[in-house]
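Heads up: the structure comes next, in structure tokens.
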Amino acid sequence: MEDNYIVYVKTDTASRIIAIEGGMYPPKDLTGWMQIDEGVEDPKYTHPQGNYLEKGLIDENGCYNYKLVDGVKTERTDEEKGSELTVIENASRIEELKQKLAETDYAVIKIAEGSATVEEYADVITQRQAWRTEINELESA
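Heads up: the sequence shown begins at 1138 in this note's numbering, then just goes up one per residue.
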């Protein structure tokens, strides 16, 4: 007699499938998990993490590939991923800009400590203001 394996998923508030477990290693705590399928001796059931979702959990851009519609996994369209991709791109750009701010902190520290003047670092200060403006715009988008 073959063992029966269960496939569980977790979704976010937009019904996107954000995690998949089950098979030979089901979640210890099923809180928040939903059963979507079951089967026997097939890798998609025994090891669903890497075998159940044909296109994988996320795409090359970091967007979730599937959503749950009436208990059934459904592939998300490029249009559905569009707003998510914008959020991912904005977050990446914000991190890049924050890194640039961190790399130029030395200038404002020198000014604050009195070992440099605003005039000496006018270009850096202007650029930092532009980076902060862009961060604010991206965060409010």
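C-beta atoms are modelled at their ideal positions from N, C-alpha and C, and glycine is treated no differently.
Endpoints, the beta strand (DSSP E) within which residue i is located
i     : result
I1154 : 1154-1159
Cα-Cα separation between residue i and residue j, rounded to whole angstroms
i     : j     : result
A1239 : A1278 : 23 Å
G1159 : D1140 : 13 Å
V1261 : D1242 : 10 Å
G1176 : Y1201 : 24 Å
Residue i - DSSP class collapsed to helix/strand/coil
i     : result
L1205 : strand
V1177 : strand
Y1258 : coil
E1221 : helix
DSSP bridge partner residues for residue i (one or two, in chain order)
i     : result
Q1172 : Y1145
E1232 : The partner list for E1232 (beta bridge, DSSP) is empty, contrary to what the question assumes.
Y1182 : Per DSSP, none; premise fails for Y1182.
I1195 : Y1201
Delimiting residues of the alpha helix (DSSP H) encompassing residue i
i     : result
D1242 : 1242-1250
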